[in-house]
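Protein chains: 2
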Amino acid sequence: MQSSPKRPTMADVAHRANVSTMTVSRAFKRDASVSADTRDRILQAAEELGYVFDSIAANLSSRRSGFVAVTIPSINNANFADTVRGMTEGLRDSGLEILLGFTDYNVQEEERLVGQLLQRRPEAIIVTGGRHTPRCRKMLANAGVPVVETWDLPSDPIGHVVGFSNAEAGRLMVDHLVARGYSRLGFIGGDTSRDTRGLDRRRGFVAALQDRGLDVMCVSDLSAFGALMECLRRGIRVPDDVAIAGFGAYDLAEQSVPSITTIDVGAHEIGIRVAELVLDLLNGRREPDDRVVVGTTPKVIARHTA
Amino acid sequence: MQSSPKRPTMADVAHRANVSTMTVSRAFKRDASVSADTRDRILQAAEELGYVFDSIAANLSSRRSGFVAVTIPSINNANFADTVRGMTEGLRDSGLEILLGFTDYNVQEEERLVGQLLQRRPEAIIVTGGRHTPRCRKMLANAGVPVVETWDLPSDPIGHVVGFSNAEAGRLMVDHLVARGYSRLGFIGGDTSRDTRGLDRRRGFVAALQDRGLDVMCVSDLSAFGALMECLRRGIRVPDDVAIAGFGAYDLAEQSVPSITTIDVGAHEIGIRVAELVLDLLNGRREPDDRVVVGTTPKVIARHTA
DNA sequence: TTGAAAGCGCTAACAC
DNA sequence: GTGTTAGCGCTTTCAA
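So the sequence lines, in the order shown, correspond to chains W and L. For the first sequence, the working numbering gives the first residue as 344, with consecutive numbering after it. For the second sequence, the working numbering gives the first residue as 344, with consecutive numbering after it.
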């Protein structure tokens with residue numbers, strides 16, 4: 344599958360342009376200390392040879408991979424996708440690429456994934472959530488690069504944090520519902536043992552209910568839409584007979600008729616903030632040792648279902 | 344940021360376990376030709392030293408990156424996310440990792456991205472769509488690794504193809520609508536110059552209309568939901584006053600009341616098929632030179648809006 | 001089953 | 001502004 348003979352290397356380009364490989368190397372990283380003339384010759388020689396820069400070799404030599412490793416639970420989730428998009432935007436023009444992995448909401452899988460990602464020598468590693476296996480924590484702590492936990496506010500962070508309290512988000516919604524006069528509240532979702540952030544929101548929700556001595560009835564995440572549609576099918580009036588609130592501020596919740604009351608956690612902004620933090624850390628604008636905790640603030644978006 | 348002194352290398356592990364680095368290397372890739380006893384010693388030494396395998400060095404030496412490069416237009420799209428998920432599943436246990444990049448529906452950006460990805464020496468490259476800049480086509484054609492175009496059925500493929508005709512998908516929906524007695528059809532979306540697949544669907548749709556001499560009114564993609572909700576707001580009855588059909592078979596379309604007629608293109612299956620193809624190619628189960636075209640078949644899912 | 005030697009294709013560090 | 005030297009940390013290849 345190799346293009347017939349053998350890929351050209353910098354040495355080939357150097358030879359053709361009558362310079363040393365070092366000069367070729369400089370020309371390719373826009374190092375100012377190459378004369379315009381020389382650079383032109385080099386780039387032309389490279390073009391003629393069909394030379395493609397080999398970053399693996401560059402990475403090994405410079406001991407910089409150019410990667411930021413990122414783990415998210417799933418790619419099929421608009422919230423995490425927004426966060427990754429934020430990171431992508433924030434890292435644009437930094438020369439860093441995102442190496443993305445999916446944990447499938449499973450800490451065992453996360454452990455495996457983190458181990459694998461670290462072998463690629465990322466310059467920073469960003470994980471979703473603050474709960475990990477002991478072995479995973481240890482790997483992260485010993486990685487020797489900045490670690491950022493997101494989408495959570497762990498009490499014992501490994502390194503840096505950009506996120507919010509999921510329990511607090513749950514409480515927030517109870518406050519909202521109670522203020523609207525609802526008194527029999529329930530929670531749909533977040534009961535799988537794997538989505539620990541969903542569980543945290545449920546806990547916060549239930550705890551807030553208990554504080555008030557209220558009953559339980561119905562609230563959810565994306566499933567709010569499913570619940571709403573089911574109510575329509577059954578002729579249950581929303582929000583008159585029952586209120587429904589979601590979580591995540593999906594586009595869908597806004598479009599929906601009636602539009603769905605939800606919590607916006609600023610998923611995209613989390614990504615942006617993470618990127619800023621990582622760049623500050625990597626460029627020495629921030630000391631690696633001062634642990635940064637960026638608390639983002641979930642907000643209730645009051646709409647028509649609650 | 345380095346763990347104080349210096350990361351341990353294979354040589355350190357070898358030294359501690361009283362073997363050569365070569366034996367350590369073998370132990371780490373579960374090479375059978377290492378005695379169980381020796382391997383145990385090595386793994387223990389590695390554990391004690393906190394050794395982390397450096398795949399960059401391994402990649403350079405073996406000239407295998409372990410990467411499959413993948414470009415998709417956006418991470419915020421359930422369809423492409425499904426495809427990536429399919430690939431992830433299909434490549435699990437193959438030792439290959441996905442290096443994902445986003446083009447933002449922009450062929451210029453795709454060109455830049457492909458250039459960047461190729462520098463990482465992927466073992467195969469998978470791109471979304473069959474339209475690329477000339478320079479991008481050239482890079483792909485000369486990459487020296489399998490190239491797969493997806494989500495399209497280009498007339499002049501670069502390498503392999505796993506996809507479907509977007510124009511055909513457009514026609515399919517016209518057939519469906521006409522069969523249901525609708526005669527004034529329109530198309531919402533696919534008019535940005537960048538989403539060429541959306542445009543193709545529109546073309547197929549319009550071409551099919553012209554074949555029948557019909558008027559134009561309203562059809563869409565995810566926007567079908569938006570259109571539907573707007574109709575509800577205005578008291579327009581769907582599908583009595585107007586029919587609405589979407590594209591992509593999002594969960595939302597099924598949940599929605601009324602549920603939305605749509606086209607399922609088997610996004611997840613595309614990912615699975617791509618992974619199979621790539622593995623066949625890489626393992627020599629298939630000749631790299633026989634161009635494979637896997638045509639997937641979009642299907643209309645008739646529901647309540649049309 | 002194990003080891004020695006020779007790189008992989010770049011860049012750091014230092015000359016000039 | 002450009003070149004030389006010496007690796008980066010692994011694996012390939014060949015021997016034993």
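Using N, Cα and C, we set each Cβ at its ideal position, and we do this for glycine too. In this text, all values refer to a predicted model and were calculated from it rather than measured experimentally.
Report the three-state DSSP secondary structure of residue i (helix, strand or coil).
i, result
"L:ALA486", "coil"
"L:SER563", "Bear in mind that a pLDDT of 44 at L:SER563, under 50, signals an unreliable position, so the number given afterwards is only what the model happens to contain. In this structure, L:SER563 counts as coil in the three-state DSSP scheme."
"L:ALA588", "strand"
"L:GLU630", "coil"
"W:GLN387", "helix"
"L:ASN402", "helix"
"L:LYS349", "coil"
"W:MET344", "For W:MET344, the predicted model reports a pLDDT of 38, less than 50, meaning its position is unreliable and no value from the coordinates is stated."
"L:THR375", "The identity of residue 375 of chain L in the sequence shown is Ala, whereas the question assumes Thr. It is coil, neither helix nor strand."
"L:PRO477", "helix"
"W:VAL395", "coil"
"L:VAL581", "coil"
"W:THR435", "Note on identity: in this sequence residue 435 of chain W is Arg, with Thr being the wrong assignment. Three-state result, W:ARG435: coil."
"L:SER368", "helix"
Can residue i and residue j be called in contact, C-beta distance under 8 Å?
i, j, result
"W:VAL490", "W:GLY473", "no"
"L:GLY458", "L:ALA512", "no"
"W:GLY433", "W:HIS611", "no"
"L:ILE644", "L:ALA570", "no"
"W:ALA388", "W:ALA360", "yes"
"W:LEU622", "W:PRO631", "no"
"W:LEU515", "W:ILE587", "no"
"W:LEU386", "W:ALA370", "yes"
"L:PHE650", "L:VAL608", "Outside the modelled stretch of chain L, which goes from 344 to 649, sits residue 650 of chain L, for which no answer is possible."
"L:GLU466", "L:VAL427", "no"
Tell me the rounded alpha-carbon separation between residue i and residue j.
i, j, result
"W:GLU637", "W:VAL504", "For clarity, residue 637 of chain W is Val in the given sequence; the question names Glu instead. C-alpha separation (whole angstroms): 6 Å."
"L:GLU619", "L:VAL585", "42 Å"
"W:THR476", "L:ASP633", "46 Å"
"L:SER437", "W:GLY589", "39 Å"
"L:ASN419", "W:LEU565", "15 Å"
"W:MET560", "L:GLU454", "Any reading at W:MET560 must be qualified, since the residue scores a pLDDT of 40, below 50, and its modelled position is unreliable; the value itself is stated next. When rounded, the distance between both Cα atoms is 52 Å."
"L:ARG480", "L:LEU392", "47 Å"
"L:VAL470", "L:THR493", "6 Å"
"L:PRO582", "L:THR604", "10 Å"
"W:ALA357", "W:THR364", "5 Å"
"L:VAL521", "L:ARG646", "15 Å"
"L:ARG384", "L:PHE396", "16 Å"
"L:PHE445", "L:SER526", "39 Å"
"L:ARG464", "L:ARG407", "8 Å"
"W:ASP447", "W:ARG537", "9 Å"
"W:LEU575", "L:GLU573", "17 Å"
"W:GLY487", "W:LEU403", "17 Å"
"L:ASP518", "W:GLN598", "29 Å"
"L:LEU439", "L:SER376", "23 Å"
"W:ASP499", "L:THR381", "39 Å"
Using DSSP's beta-bridge definition, name the partner residues of residue i.
i, result
"L:VAL637", "L:VAL505"
"W:ALA467", "W:VAL411"
"L:GLU492", "L:VAL470 and L:VAL504"
"L:GLU440", "L:PHE410"
"W:THR605", "W:ILE644"
"L:PHE445", "L:ILE415"
Leaving out the 5 sequence neighbours to the left and right, which residues in its chain are closer than 7 Å to residue i when beta-carbon positions are compared?
i, result
"L:MET482", "VAL457, GLY458 and LEU461"
"L:PRO497", "GLY473 and VAL504"
"L:THR431", "ILE441"
"W:SER398", "GLY409"
Return the chain-ordered list of same chain residues with a C-beta closer than 6 Å to the C-beta of residue i, the five sequence neighbours on each side being excluded.
i, result
"W:PHE423", "ILE415"
"L:ARG616", "VAL505 and VAL637"
"L:ASN509", "ARG540, ASP543 and ARG544"
"L:PRO351", "LEU392 and TYR394"
"W:ARG478", "GLU454"
"W:VAL413", "ILE441, LEU443 and ILE469"
"L:LYS669", "Here chain L comprises residues numbered 344 to 649, so residue 669 of chain L is not present and cannot be evaluated."
"L:ARG629", "ASP623"
"L:ASP425", "ALA610 and HIS611"
With a threshold of 8 Å on Cβ separation, who are the neighbours of residue i within its own chain once the five nearest residues in sequence on each side are excluded?
i, result
"W:SER602", "ALA596, ARG646, HIS647 and THR648"
"L:VAL367", "MET353, VAL356, ALA357, ALA360, ILE385 and ALA389"
"W:ALA550", "ALA510, GLY513 and ARG514"
"W:THR639", "VAL505, GLY506, PHE507, VAL608, GLY609, GLU612, ILE613 and ARG616"
"W:GLN451", "THR476"
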